[in-house]
Amino acid sequence: MLRLKLSAPFEQVYVYISLENPLTGQKRTIDAKVDTGAAVTVIPKSVVQGLGLPVLGNCCFTMVDGTPLTTEAQMCRLSFSDEDTIEVPVYVCDSESGVALLGMDVLRLCNFAQWHEWSDEEHSVYFEMELLSEETRLMI
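When we follow the numbering used here, the leftmost residue of the sequence shown carries the number 511, and every step to the right adds one.
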């Protein structure tokens, strides 16, 4: 389970995720933006270089502005914590921002919670995310 205390203005949520080559065990931990508007998880090419992730093939997408995009899908073991690990394809692209997007392909396999706590001194916002059990994921 991943639990974060968010800082103001609470507009975007970033989480640390580990990317692991399922064949070699080589890992890299990165910061990824939780993006409910992204259909798939997108990782910048500069981030996955050197991991040697198994290539699944090319995929074509249409960006929000209508621009076509061809990208490569690579298999990855993705984790939020030692307990929350799943093997999923990630989509690799050239990105000027270098920001990874955690898309709905992974997010639909998670439970989320967000809550507020108030005290006389402060207002805190917390975000919690955990991967659904394997049994539940198989039913989806």
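Beta carbons: idealized from backbone N, C-alpha and C, even for Gly.
(request) Return helix, strand or coil for aspartate 630, following the three-state DSSP convention. (result) In the structure shown, the three-state DSSP call for aspartate 630 is coil.
(request) Using alpha carbons as the reference points, say which of Val558, Gly547, Glu597, Pro554 lies closest to cysteine 574. (result) Note that residue 574 is valine in the sequence shown here, rather than cysteine. Selected option, being the one with the closest Cα: Gly547.
(request) Taking leucine 617 as part of the beta strand (DSSP E), name the residues at either end of that continuous run. (result) Taken as a continuous stretch (DSSP letters only), leucine 617 belongs to no beta strand (DSSP E), being part of the alpha helix (DSSP H) at 614 to 617.
(request) Taking threonine 539 as part of the beta strand (DSSP E), name the residues at either end of that continuous run. (result) First-last of the beta strand (DSSP E) with threonine 539: 537 to 544.
(message) Quick check: what's the CA-CA separation for serine 643 versus histidine 633?
(response) Roughly 32 Å separates the two Cα atoms.
(request) For threonine 551, count neighbouring C-beta atoms within 10 Å of its own C-beta (all shown protein chains included) and say buried if the count is 16 or more, exposed if not. (result) Label assigned to threonine 551: buried.
(request) Buried or exposed for cysteine 570, please, with buried defined as at least 16 other CB atoms from any protein chain shown within 10 angstroms of its CB. (result) Exposed is the call here.
(request) Could you tell me the boundaries of the alpha helix (DSSP H) in which threonine 646 lies? (result) Note, threonine 646: alpha helix (DSSP H), 644 to 649.
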